[in-house]
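Worksheet: one structure, shown below.
Protein chains: 2
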Amino acid sequence: MTDTVVSSETREVVIGFERPFVLIGERINPTGRRLLAEEMKRGDFSRVEQDAMAQVGAGAQMLDVNAGIPLADEPALLAKAVELVQSLTDVPLSVDSSIVAALEAGLSVYKGKALVNSVTGEEERLEQVLPLVAKHGAAVVAISNDETGISEDPDVRFDVAKKIVSRAADHHIPASDVVVDPLVMPIGAMGTAGRQVFHLIRRLRDELGVNTTCGASNISFGLPNRAGINAAFLSMAMAAGMTSAITNPLESEIRQAILASDVLNGHDPNCVTWIRTYREPPAAGEEGRRRENRRRRG
Amino acid sequence: MTDTVVSSETREVVIGFERPFVLIGERINPTGRRLLAEEMKRGDFSRVEQDAMAQVGAGAQMLDVNAGIPLADEPALLAKAVELVQSLTDVPLSVDSSIVAALEAGLSVYKGKALVNSVTGEEERLEQVLPLVAKHGAAVVAISNDETGISEDPDVRFDVAKKIVSRAADHHIPASDVVVDPLVMPIGAMGTAGRQVFHLIRRLRDELGVNTTCGASNISFGLPNRAGINAAFLSMAMAAGMTSAITNPLESEIRQAILASDVLNGHDPNCVTWIRTYREPPAAGEEGRRRENRRRRG
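Heads up: the sequence lines are chains A and B, in that order.
Position one of the first sequence corresponds to residue -2 (this note's numbering), numbered consecutively onward.
Position one of the second sequence corresponds to residue -2 (this note's numbering), numbered consecutively onward.
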């Protein structure tokens, strides 16, 4: 039973073994979104605003915020995006950059306890990112690769995760504040990618006792009907014990798979969220008939 | 690694741990289908024909055939339905009845090695159904309840399954010819139904070494958006090791969840089936352009 608590100024979200799955909205990320990148670079954050509100409206419990734009002042952009998103919504954020100065800038304006995305098992990253996480009292995503790259052996990836958890402890960051990303490979390129990651998620939960997250849509890279693969992947990963994912809540199949798997894992008591989300509103005529029936009975 | 081989006169289908999931079409069953029941009772099997062809067309590798109609001559109807369906398609059948005389009539006309649906752990059923299965060299679905009913404890259900496998062995029916149905309860009524059945499927596979099947749609009884729950359930059950299900291939979300989970379990090498099923046909204009490009390059 591990709980990772993150927060904004006014709202707490808990990622945990016996909790509803936490969907971290992935959309505020200029990687591969040329238009968004150009707009952010020239200071136009209107699309960031729209993406924030749309994802929260679609059920994201957290939002990932990334400002990785080549040749831009990423620390300034990330800080601005974090401040803007926090002014619009109270969901906690994942502050996302591969540049340590940008993480620092984002964290310096962040209100609450952020999730830092991310640290790897590379020595230099460990030494730069973990002190920052500790200083800000944040939680951190730990990606299970190191200087040797991404191993195809899930047990080697487990050992990298274990090393990061141990190094985090040296900085007084508890294991409950380390959320491991087991790394999802494209199943179209590597047929064992699914079974590997399910095995790894189970070990991370049972042996290391940590929460897990991942960029789920990587699994379907290069295949047709990606939403179908992504949805089944999320259900199977949740069956193995995955507790959060950075993904797109605006894709109805993804959101549906997550909510249904919460029901099946026993994490949606009395199916309240499921029924509220999917119950059909009564047709106008039917509602009329019901009212009529009530009147007659009354 | 357990393989259950069933067959028609000309085609073999294998249910197995390292095989693509076997979808057994559920539609030829008059239970809850008043129109079909009335038609079959008066000898009109046109809807049975349509259901057979539609389900095979939608990817069912086997078909369940049931003729359970109150006050009808079920043995005669089941034999007729089995003969008819075998004249139309070469997929192997699951011969389905709760009446032993009907199972006997269906098996007496069946060509190939059928799946008998089903035997329970009740003493009387064991003594009536297992000799019939042995006599016809068939495989059998074993439902994990007995005289005491359906236990809410999955470990008690495991023990019932173990007893059936042992009793089958007394009749020289190998464990590989026993496909256990762990019994799926409605999650809306019992919040632990999902976790129970996943736990049981895993034990049946790892400890008893048997293939598994279930009536998957029972899980979503009483809930809105049943297809969404059913799809996630199938993916999670397949993650736990379930190897077949009696379900509806005409529901696109169910078929998609099964094919995607085969991909993720590594049972669709190079994603051949997935790509063939879901690749978008090139638009007319695009195809024209491609041809044009080939011509220019050529």
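Quick reminder that beta carbons are idealized off the backbone N, C-alpha and C, glycines included.
All values reported here derive from a predicted model rather than from experimental measurement.
Between R202(A) and G238(A), the C-beta gap is smaller than 9 Å, which places the two residues in contact. Residue environment analysis places H264(B) among the buried positions, since at least 16 neighbouring C-beta atoms fall within 10 angstroms of its C-beta. Note on V88(A): 16 or more other CB atoms within 10 angstroms of its CB, so buried under the neighbour-count rule. Our two residues, A229(B) and C268(A), have alpha carbons roughly 14 Å apart in a direct line.
Taking C-alpha positions only, V10(A) is separated from I161(A) by approximately 23 Å. Under DSSP, the beta-bridge partners assigned to L90(B) are L60(B). Here L32(B) is exposed. Its C-beta has fewer than 16 other C-beta atoms within 10 Å.
As computed with DSSP, A139(B) is found in a beta bridge with V116(B) and V177(B).
Ranked by Cα distance from A78(B), the options R24(B), V45(B), L100(B) and V53(B) are led by V45(B). A contact is defined here as three or more CB-CB pairs under 8 Å, and the segment 41 to 57 of chain B fails this definition with respect to the segment 89 to 109 of chain B.
Taking the C-beta atoms as reference points, P266(A) is found nearer than 9 Å to G188(B). Leaving aside the five residues that flank P151(B) on each side, the residues in its chain whose CB is nearer than 8 Å to its CB run, in chain order, P179, Q193, V194, H196, L197 and R200.
In the three-state reduction of the DSSP assignment, T145(B) falls in the coil class, being assigned neither a helical nor a strand state.
Considering only beta carbons, no part of the segment 147 to 159 of chain B lies closer than 9 Å to chain A. Closest option to E23(A), judged by alpha-carbon separation, among D48(A), N227(A) and T1(A): D48(A). Here the C-alpha atom of N114(B) lies approximately 14 Å from the C-alpha atom of G134(B). For a cut-off of 8 Å, the C-beta gap from F18(A) to M(-2)(A) is around 16 Å, too long to register as a contact. Closer than 9 Å to the CB of C268(B) there is at least one CB belonging to chain A.
Each residue's CA atom was taken as its position, placing E35(B) and M182(A) some 53 Å apart. The beta carbon of P171(A) sits closer than 6 Å to no other beta carbon from its chain once the five residues preceding and following it are set aside. Note on geometry: alpha-carbon atoms of L81(A) and G103(A) lie some 11 Å from one another. Listed along chain A, the residues sitting closer than 7 Å to T189(B) by beta-carbon distance are G263. Runs of the alpha helix (DSSP H) spanning 4 or more residues and lying entirely within the segment 197 to 250 of chain B occur at 223 to 237, in chain order. Under DSSP, L20(B) takes part in a beta bridge, and its partners are A242(B). Here S4(B) is buried, its C-beta having at least 16 other C-beta atoms within 10 Å. Straight across, the Cα-Cα distance linking P27(A) with T145(A) is about 28 Å. Of all residues in the segment 163 to 196 of chain A, those with a C-beta nearer than 7 Å to a C-beta of chain B are I184, G185, G188, T189, G191, R192 and F195, reading in chain order.
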